[in-house]
Amino acid sequence: MVRFQYAVIVVVLGMLLLAGCSKPVSQPTPVSENATPKDPEEEALNIVAIVYDNTARFTKKPPEGWSDLEGFTSKMDSTAAPKARAAIKKIQSLNYKMKWGVDLHRIISEDKKTEDYVIAESPDGRLKATYSGRIIKQEAKDEDQQIEGQKEAAPETESSEPVTPQ
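So the sequence shown is numbered by this note's numbering: it starts at 4 and just counts up by one.
This is the structure we're talking about:
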């Protein structure tokens with residue numbers, strides 16, 4: 004009888020332990036309605052950088068111009084190709100500065116990382132794309148310069164006391 008009671012206690016404790024330690028089912032996280040979508044120019048630049056990298060990897064030859072990137076899109080999936088072509092045209096129309104002829108072996112031989120090697124830059128230098136497709140923004144410097152410019156333009160008062168008319 005004692006063994007039976009002992010067995011029941013062990014089973015009950017085991018069930019409580021399992022029930023207490025089990026991982027609760029997580030609820031799906033709702034998507035924030037205030038989340039800002041990615042900038043279309045930034046998204047296009049990301050796509051172009053990825054197409055650049057894939058062109059170099061799959062053709063075993065780095066792209067030498069826009070026509071190489073457009074030619075590679077013909078080998079892409081039918082759903083991704085139109086989006087890639089549109090991104091290439093957008094970045095081309097915005098006059099981005101591209102480094103053509105850069106392949107993976109060159110980056111490795113220079114002891115650089117693909118996520119640090121810039122292959123595309125906007126005309127104003129605001130956006131840059133690396134070989135790996137990472138986008139680098141330079142907006143923080145522009146905002147700081149604007150704030151400093153506003154401080155210089157604002158007249159400073161010598162006294163903090165309010166002036167009352169007499």
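Glycine included, C-beta positions come from ideal geometry on N, C-alpha and C. Being a predicted model, the structure only gives us computed values, none of them experimental.
Check                                                                                                                                            : Outcome
Tell me the residue span of the beta strand (DSSP E) that contains valine 121.                                                                   : 121-124
Can you check whether the CB of alanine 52 is closer than 8 Å to the CB of threonine 133?                                                        : yes
Could you give the C-beta distance for methionine 101 and alanine 87, rounded to a whole number, given that I count them as a contact under 8 Å? : Going by Cβ atoms, the distance from methionine 101 to alanine 87 rounds to 15 Å, so no, they are not a contact pair.
From aspartate 80 to methionine 18, what distance separates their C-alpha atoms?                                                                 : 52 Å
For my contact list, tryptophan 103 and glycine 68 are in at a C-beta cut-off of 8 Å; report their separation, rounded to the angstrom.          : 6 Å
When we look at the beta-carbon of valine 15 and count the other beta-carbons within 10 Å, is it buried (16 or more) or exposed?                 : exposed
So what does DSSP say about lysine 3, is it helix, strand or coil?                                                                               : An answer regarding residue 3 cannot be provided, because it is not within the stretch 4 to 169 covered by the chain.
At which residues does the beta strand (DSSP E) containing threonine 133 begin and terminate?                                                    : 130-133
Which two residues bound the contiguous beta strand (DSSP E) that contains lysine 140?                                                           : 138-140
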